[in-house]
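Under the numbering used here, residue 194 is the last one in the sequence shown; the count climbs by one each step, no gaps.
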Amino acid sequence: MRLPRSIQETPLDSAERKALRRIAHHLHPVVMIGDAGVSESVIAETNRALDDHELIKVKVNAMERDDRNQLIDALAGACGAAAVQRIGKIVVLYRKNPEAKPALSNLTRHRTER
81 MRLPRSIQET PLDSAERKAL RRIAHHLHPV VMIGDAGVSE SVIAETNRAL DDHELIKVKV
141 NAMERDDRNQ LIDALAGACG AAAVQRIGKI VVLYRKNPEA KPALSNLTRH RTER
């Protein structure tokens, strides 16, 4: 079992955020937060997706903006991820994985598709 990850050691600068937003533009949400909120299963699925893809979109089905922001902050904190972008009910999360599989990582795949 892995130890919980801490939030990114160095915050993302604006150029890194811009590059990650560009890559994430064509992605679809792979995790959805429903009425149960940020449960252990949501955290586990988000960790699995971040391990595989490094950059993912998450859809948060909460009506109020403050509720969405609290859920996003809780999920990002629990997974040790950085929230790259928030638009409406969609958030882009990023967590670097030095052992990512090139065939699954959205970052590696994007670099090779150019």
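A virtual CB, placed ideally from N, CA and C, is assigned to each residue, including glycine. In this text the structure is predicted, and so the values were computed from the model without any measurement.
Do three or more CB pairs link the segment 91 to 102 to the segment 139 to 152 at distances below 8 angstroms?
no
State the Cα-Cα distance for the pair R189 and P182, rounded to the nearest angstrom.
In the sequence shown, residue 189 corresponds to position 109, counting from 1. In the sequence shown, residue 182 corresponds to position 102, counting from 1. If I take the Cα positions, the gap works out to 7 angstroms.
Return yes when the Cβ of N186 is within less than 8 angstroms of the Cβ of L135, no when it is not.
By one-based count along the sequence shown, residue 135 stands at place 55. By one-based count along the sequence shown, residue 186 stands at place 106. The answer is yes: Cβ separation under 8 angstroms.
Between A95, S119, P91, L130, which has its C-alpha nearest V110's C-alpha?
Stepping through the sequence shown from its first residue, residue 110 is reached at position 30. The closest CA to that of V110, considering only A95, S119, P91, L130, is found on L130.
Going by C-alpha distance, which of G114, R97, D132 is nearest A180?
Taking the sequence shown and counting its residues from 1, the one referred to as residue 180 is at position 100. With distances taken between Cα atoms, A180 lies closest to D132.
Does the Cβ-Cβ distance between A163 and A156 come in under 8 angstroms?
Here residue 163 refers to the residue found at position 83 when the sequence shown is read from its first residue. Here residue 156 refers to the residue found at position 76 when the sequence shown is read from its first residue. Their beta carbons are under 8 angstroms apart, which means A163 touches A156 by this criterion.
Pull the bridge partners of A162 from the DSSP assignment, please.
In the sequence shown, residue 162 corresponds to position 82, counting from 1. DSSP lists Y174 as partners of A162.
Between which two residues does the beta strand (DSSP E) holding V118 run?
The sequence position of residue 118 within the sequence shown is 38, counting from 1. Careful: V118 lies outside any beta strand (DSSP E) and carries neither H nor E.
What's the gap between the Cα of I113 and the Cα of I123?
Here residue 113 is taken as the residue at index 33 of the sequence shown, counted from 1. Here residue 123 is taken as the residue at index 43 of the sequence shown, counted from 1. I113 and I123: Cα-Cα distance of roughly 10 angstroms.
Quick check: what's the CA-CA separation for I87 versus A116?
Position 7 of the sequence shown, counting from 1, holds the residue named residue 87. Position 36 of the sequence shown, counting from 1, holds the residue named residue 116. Per-residue confidence for I87 stands at a pLDDT of 45, beneath the threshold of 50, marking its modelled position as unreliable; no derived number is given.
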